[in-house]
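Asks: To start, I am sharing the structure in question, which I have written as structure tokens.
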Amino acid sequence: MNMMKFFFLMSLFSLPFLISAQNTANKTTDKSTNKLQVQKIKYPSREEFDMRSLSDTVKQRNEEAIQKYKKFKGIEWAANAQMYLIWSEHPYIEEASRIDRRWFSKVSQIMSSISKWKNEMEVSSERNLTERYNRAKAGYENLLKTFLVTIKKPTMLSDENKKRQGR
3 MNMMKFFFLM SLFSLPFLIS AQNTANKTTD KSTNKLQVQK IKYPSREEFD MRSLSDTVKQ
63 RNEEAIQKYK KFKGIEWAAN AQMYLIWSEH PYIEEASRID RRWFSKVSQI MSSISKWKNE
123 MEVSSERNLT ERYNRAKAGY ENLLKTFLVT IKKPTMLSDE NKKRQGR
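Numbering (the numbering used here), first residue to last: 3 to 169.
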């Protein structure tokens, strides 16, 4: 009986947090007035809800989210940069791959910068800001060249040890 009370209380405490998190995730800005609007999520009533439609609803929401964020290619770069940063923080990755952790950190920094330039290009092209777009494109292309050179030649641990010993 105590477990039932516990789960009931946990659901009561977590419900407002989940609703506020969903409301903040659905914020949009009205371009004409520059005011932030929160879209309320409409939940189906008990009569409308059945388990067969649940998977359809989830698929529809996933497709909507994919379509919404599909245009931002820079987000993919940022996610990969975060992955490389996580790898750079763990010594067992260095032992397993025999690649220096600082190389992972360097790749992460380059990828996060590429992400910023890529997002800047996309936003500038939507708003028809050609000068800003050209500047972002030049920065993106320069970093992309650096990234390709860096990713093709990872710094191996044996190479790093030779440099430290002065060979």
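Virtual Cβ for every residue (Gly too), placed ideally from N, Cα, C. If you're wondering where the values come from, they're calculated on a predicted model, not measured in any experiment.
Tell me which same chain residues have a C-beta within less than 6 Å of the C-beta of Met53, skipping the five on either side of it?
Replies: Note that Met53 has pLDDT 49, beneath the 50 cutoff, so the model's placement of it is unreliable and the number below is only indicative. None.
Asks: Kindly indicate the opening and closing residues of the alpha helix (DSSP H) around Met113.
Replies: Here the alpha helix (DSSP H) through Met113 covers Arg103 to Glu128.
Asks: Is Leu150 buried or exposed, if buried means 16 or more other CB atoms sit within 10 Å of its CB?
Replies: The residue is exposed, with fewer than 16 neighbouring Cβ atoms inside 10 Å.
Asks: Work out the CA separation of Ser114 and Tyr142 for me, nearest whole Å.
Replies: Using only the alpha carbons, I get a separation of about 11 Å.
Asks: How many whole angstroms separate the CB atoms of Arg104 and Thr157, which I take to be in contact at a CB cut-off of 8 Å?
Replies: Between Thr157 and Arg104 the Cβ distance is about 7 Å, and since that is below 8 Å, they are a contact.
Asks: Out of Ser117, Leu159 and Ser160, point me to the one whose CA is closest to Leu146's CA.
Replies: Ranking the options by Cα distance to Leu146, first place goes to Ser117.
Asks: Going by DSSP, what residues sit across from Met85 in a beta bridge?
Replies: DSSP output for Met85 lists no bridge partner at all.
Asks: Between the alpha carbons of Trp119 and Ala98, how many angstroms are there, rounded?
Replies: Their backbone Cα atoms lie some 33 Å apart in a straight line.
Asks: If we ignore side chains and look at the alpha-carbon of each, how far apart do Asn136 and Asn144 end up?
Replies: The straight-line gap from Cα to Cα measures roughly 12 Å.
Asks: Where do the N-terminal and C-terminal ends of the alpha helix (DSSP H) with Leu150 fall, by residue?
Replies: Unbroken alpha helix (DSSP H) run through Leu150: Thr132 to Lys154.
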